[in-house]
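I have placed the structure first, in the form of structure tokens, so that the comments after it can refer back to it.
Residue numbers (full-length UniProt numbering): 1 to 74.
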């Protein structure tokens, strides 16, 4: 990874652009996110819930909250 960063940063430097740096924390977060699925966990997390929402471009926070609220009767 460092060799790629070095090569990339050499080019960025010729354009007076700040260098990039590797983040182990972000890499871990991405690995975690790649395993996530868009479904409730269930099991030991109940009766608590997870706030999951998915929508098209322009989907507004009020739409997500309304979806969550509609689940309370399920």
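The C-beta atom is built at its ideal place from N, Cα and C for all residues, glycine as well.
{"Item": "Nearest to residue 4 (by Cα), restricted to the options 14, 21, 32, 70", "Value": "21"}
{"Item": "Residue 52 (DSSP reduced to helix, strand or coil)", "Value": "coil"}
{"Item": "Delimiting residues of the alpha helix (DSSP H) encompassing residue 23", "Value": "Residue 23 -> no alpha helix (DSSP H), and no H or E assigned at all."}
{"Item": "Option in 52, 57, 59 with minimal Cα separation from residue 70", "Value": "52"}
{"Item": "Beta-carbon contacts of residue 24 that lie in its chain and below 8 Å, excluding the five residues immediately before and after", "Value": "none"}
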